[in-house]
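Protein sequences, first through last, are from chains A and B. When we follow my numbering, the leftmost residue of the first sequence carries the number 508, and every step to the right adds one. When we follow my numbering, the leftmost residue of the second sequence carries the number 3, and every step to the right adds one. Worksheet for the structure shown next.
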Amino acid sequence: MGHAQTHAAPVLALDGITKTFPGVKALDGVTLELFAGQVTALIGENGAGKSTVVKTLTGIYQPDGGRILVDGEEVRFPTAQDASAAGVTAIHQETVLFDELSVAENIFLGHAPKGRFGLIDRAAMHRKAQSILDGIGAEIDAGVRLKDLGIASRHLVAIARALSVEARVVIMDEPTAALSRKEIEELYELVDALKAQGKAILFISHKFDEIFRIADRYTVFRDGQYIGAGDMADITEAELVKMMVGRSVDQIFPKRAAQIGEDVLVVAGYSHPTEFEDIHFTLRRGEILGFYGLVGAGRSEFMQSLIGVTRPSKGAIRLNDKVRVIRSPADAIAAGIVYVPEDRGKQGAILDMPIFQNVTLPSLPRLSKNGFTQMAEEFALARQYTERLDLRAASLDTTVGSLSGGNQQKVVIAKWLATQPTVIILDEPTKGIDIGSKAAVHDFMSELASEGLSVIMVSSEIPEILGMSDRVIVMREGRMVAELEGDDLTPETLVRHAAGISSKGEAA
Amino acid sequence: MTLLKSREAILVGAILLLLALVASRFPGFVTPSNLVAVFTDTAPLIILALGQMVVILTRSIDLSVAANLALTGMVCALINVAFPGVPVPVLVALALGLGALMGAINGFLVWKLTIPPIVVTLGTMTIFRGIIFLLTNGSWVNSHQMSSAFKAFPRENILGLPVLGWIAVLVTLILGLVMSRTTLGRAFFAVGGNPHAAVYTGINVGRTQFLAFVISGMLAGLTGYLWVARYAVAYVDIAGGFELDVVAACVIGGISIAGGVATVAGAVLGALFLGIIKNALPVIDVSPFWQLAISGAAIIIAVTFNSRAGRSKGRVILKSAEHAQ
């Protein structure tokens, strides 16, 4: 778009960059070229080396070999300030901003315009901040405190901050992860505006629709190696996936037909004063029941109540024909209902604890005698489930914090399976993970179902819901609005019910 | 689990170095009998540091331990004065119970009213001292008012070590068992390591913190009786400011103020390190004016070492990724 740039010299290039951590080659001679006015998507599975590249480009890591070129000149970024001075700036997954400072202060922190005596010239800072914000079409007052802004506005502030240092290269690391549909559209427009200003943009995302919408070029990494690059126009989604995973993934959602058996969990009239009302359903043995809805429809809130984190005001459950009252997560675990939270980083593992202790933590009441833990039995249980999930670690004594992200996830899942549950609730099981790992998670879910476990899957991804679920409950504004299965289960019906679009054949 | 992780090994090295330095000036310091005396003198700090360790581990802090100690000590002394016939075991049980009650008050406020622990214990610290004043109108209970059995118990010598020292050993062993072998100990680590994750595994975070405060209070109460009996005096200000030594011992022992990381060995070694410094400086003729400054500097140096160890530990994440692969 705009100029004919393909053959222009790259603004920023990595040439044969290698970065080794003891025992791991995070980057193995990778090449990456970023051009002015173009969006380059960096694509790869978790562990492909994307984050390491970002950290190398922003001066946080020093490469062990290879060259970084800016306008063809070799440069080095010994510190983050050097990278920033060279015009490279990154907008991170979790935006690093300060709640109690004003928007203008956030934008100019560290490089505020100075007046007399070296004091900050607040008026100039405010004026400049406002003009940058206006320039990107953000309707934000530079004077307000950051904490008064929503998440999308915070992103705009982060982008304004990137622009305030006269960036030539903007790195966006999963910028849409926390945004709503509308906010994502606004971000796209902003990216287009940045392109028009001639910025070179590195865009990291797991979402293919985004990549095809926004990127001009792609670069694929796999296991720290450069696999290929080219124009988006010349490649298909399937080809990209193949490059990423090194094999063709024909079936991303491998739900196997499972034997669906008797009723396991019957939920009747579950209500909460403010979060949800009259949730009722029956879950059968070997079934995967999907919960679909927009973010904030009350799905996670209901699940939290089901496992006793919050208390419902009304409602009852029956598990295997016995009425159960669940007052706490401990009750839920004892009854055989476990919940794998959405935020597995924050709510998942305990990083300072050894692997085996993490795995056995929810099973301790069963494993202990008179309050004393049983070492041998703990190790046996931990070994059984970590082996089952193919967790590779030197020793079960190592702390979870020393494992890679993927292995930490395995610890979290092993922990819940080790309780030998009847019902397992997975909240957004594949959120933020790459396609290869997604397939593994989906495969694993079908395996659980075929072994007779009942699975509840909360998901906001339509392909996942459609591919994995035997039946789907759609929630909107805290209520069940539809229960769909078979031919009724189409993307259109899901979206229609979730968004509350009234149309001809009204259901539920 | 390795018995002595690198952090504790460094601390052991520092303690040995310290002893060697002191011995070069004053060889008498490292005779067995003097070392036993130093250990016994440090016993209250060890006991309190072990209680504080549990509290800090669960992302809290207990600043009321010294005030709890003083109040429990005073109550024991007053009971001894009023009823000299009450046997020592009963007094010890009472001290444990009263201390636990004060700890429970802290824990309850933290758990049920979700007030930050530093605020709760800053408040109760003042209240507990105030109660001593109300009980006594500021007057002292002196040695001649106490029964001899009351005073003799902590000094009773068993196999060359006074009872006070044995109690520190016993508390260390019990805490070691609790922390490594019980579900409660595991819950302390889980709550401190990641309270959000702990909730989902069926652990009641507030209740766990409550129990940490009860343990800390119970040990403070126990120390209260031992302290008053050993020094044979009770008044409002005993052990004034001692809570800061207790926290310092924990920090020196590598217990993370952010919670989630603690070892019994660390708490004990941290307390010993501080105890040796306090005992050694007067012996080698350091002026009292310098003693405070040197103790303070020792704390900062030790903590600097710890945070350095912590930092390189952070980097090891990548190093041991190799084991994970």
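From the three backbone atoms N, C-alpha and C, an ideal C-beta is built for every residue, glycine too. Please read all numbers here as calculations on a predicted model, not as lab measurements.
Skipping 5 residues on each side, what residues in its chain have a beta carbon closer than 6 Å to that of Ala102(B)?
Val216, Gly219, Met220
Under the rule that 16 or more other beta-carbon atoms within 10 Å means buried, what is Gly1012(A), buried or exposed?
Because Gly1012(A) sits at a pLDDT of 42, beneath the cut-off of 50, its placement in the model cannot be relied upon, and the following sentence gives the value as read from the coordinates. By the neighbour-count rule (16 or more Cβ atoms within 10 Å), Gly1012(A) is not buried but exposed.
Taking only beta-carbon atoms, is Leu320(B) less than 9 Å away from chain A?
Only weak support exists for where Leu320(B) lies, its pLDDT of 39 falling under 50; the coordinates are left without a value.
Between the Cα of Ala269(B) and those of Gln54(B), Val83(B), Gly242(B), spot the shortest distance and give me the residue it belongs to.
Gln54(B)
Under 9 Å, do Ala304(B) and Leu111(B) count as touching if we go by C-beta distance?
Leu111(B) sits away from Ala304(B), with the two beta carbons spaced by 9 Å or more.
Just the chain B side, please: which residues come within less than 9 Å of Phe879(A) by C-beta, in chain order?
In chain order: Leu179, Arg183, Thr184, Thr185.
Let me know if Ala511(A) comes out buried or exposed under the rule of 16 or more other beta-carbons within 10 Å of its beta-carbon.
Note that Ala511(A) has pLDDT 43, beneath the 50 cutoff, so the model's placement of it is unreliable and the number below is only indicative. Ala511(A) should be labelled exposed.
I want to verify the contact list: residues of chain A whose CB lies under 9 Å from the CB of Asn196(B), in sequence order.
Lys853, Gln854, Gly855, Ala856, Ile857, Leu858, Asp859, Met860
Taking only beta carbons into account, state which residues of the region 873-898 of chain A come closer than 7 Å to chain B, listed in chain order.
Ser875, Gly878, Phe879, Thr880
Excluding the 5 residues preceding and the 5 following Glu750(A) in the sequence, name in chain order all residues of the same chain whose CB lies nearer than 6 Å to its CB.
Residue identity differs from the one stated: residue 750(A) is Met in this sequence, not Glu. Excluding sequence neighbours, Met750(A) sits near Val727, Ile734, Gly735.
Length of the line joining the Cα atoms of Ile567(A) and Val698(A):
25 Å
Starting from the C-beta of Gln758(A), find all residues in its chain whose C-beta is less than 6 Å away, skip the five residues before and the five after it, and write them out in chain order.
With a pLDDT of 47 at Gln758(A), under the threshold of 50, the modelled position of that residue is not reliable, and the figure given next carries that caveat. Cβ within range, chain order: n/a, list empty.
Name, please, each residue of chain B whose Cβ falls closer than 7 Å to the Cβ of Tyr568(A).
Under the 7 Å cutoff, chain B gives no residues; its nearest Cβ is about 10 Å from Tyr568(A).
Could you list which residues in chain B have their beta carbon closer than 9 Å to that of Pro836(A), in chain order?
Val201, Tyr202, Thr203, Gly204, Ile205, Asn206
Taking C-beta to C-beta, are Ala170(B) and Ile49(B) nearer than 9 Å?
Yes, they are a contact pair.
Looking at the structure shown, is Ala533(A) part of a helix, part of a strand, or coil, going by DSSP?
strand
Answer with buried or exposed for Met882(A), where buried requires no fewer than 16 other C-beta atoms within 10 angstroms of its C-beta.
exposed
Can you list the residues of chain E that Arg188(B) reaches, using a CB-CB cut of under 8 Å?
You won't find chain E in this structure, because its protein chains are A and B.
According to the neighbour-count rule (16 or more other Cβ atoms, all chains shown, within 10 Å of its Cβ), is Ser755(A) buried or exposed?
Residue placement at Ser755(A) is poorly supported in this model, since its pLDDT is 44, which falls under 50; the coordinates still yield a value, given next. Label assigned to Ser755(A): exposed.
Check whether the Cβ of Val816(A) lies closer than 9 Å to any Cβ atom in chain B.
yes
Using 8 Å as the threshold, is the region 824-834 of chain A in touch with the region 171-183 of chain B, meaning 3 or more CB pairs across them?
no
Comparing the C-beta of Ala839(A) with each C-beta of chain B, is any distance below 9 Å?
By this cut-off, Ala839(A) is an interface position.
Hey, out of Ile795(A), Gly800(A), Leu772(A), whose CA is closest to Ile814(A)'s CA?
Of the listed residues, the one whose Cα sits closest to Ile814(A) is Leu772(A).
Below-9 Å beta-carbon distance, Asp850(A) vs any chain B residue:
yes
State yes or no: is the beta carbon of Phe191(B) nearer than 9 Å to at least one beta carbon in chain A?
At least one chain A Cβ lies under 9 Å of Phe191(B).
For Asn144(B), list the residues DSSP reports as bridge partners.
BP columns for Asn144(B) are empty, so no partner.
Could you tell me how far apart the beta carbons of Val610(A) and Val664(A) are, in whole angstroms, since I believe they sit closer than 8 Å?
5 Å
Evaluate Thr33(B) with the Cβ neighbour count: other Cβ atoms within 10 Å of its Cβ, from every protein chain shown; 16 or more gives buried, anything less gives exposed.
So Thr33(B) counts as exposed.
Give the residues of chain A in contact with Val263(B), contact being defined as C-beta atoms less than 7 Å apart.
Asp859
Tyr695(A) by DSSP, collapsed to three states: which one?
helix
Closest to His787(A) by CA distance: which of Glu794(A), Ile795(A), Lys821(A), Val802(A) is it?
Lys821(A)
Can you list, in chain order, the residues of its chain whose CB lies under 7 Å from that of Val248(B), leaving out five sequence neighbours each side?
Leu47, Leu50, Ala51, Gln54, Val67
Beta-carbon neighbours of Tyr733(A), restricted to chain B and to distances below 9 Å:
Those do not exist, as Tyr733(A) stays about 20 Å from chain B at its closest Cβ, beyond 9 Å.
Measuring alpha carbon to alpha carbon, tell me which of Val90(B), Arg9(B), Ala22(B) ends up nearest Lys153(B).
Ranked by Cα distance from Lys153(B), the options Val90(B), Arg9(B), Ala22(B) are led by Val90(B).
Cβ closer than 7 Å: which chain B residues qualify as neighbours of Tyr846(A)?
Tyr202
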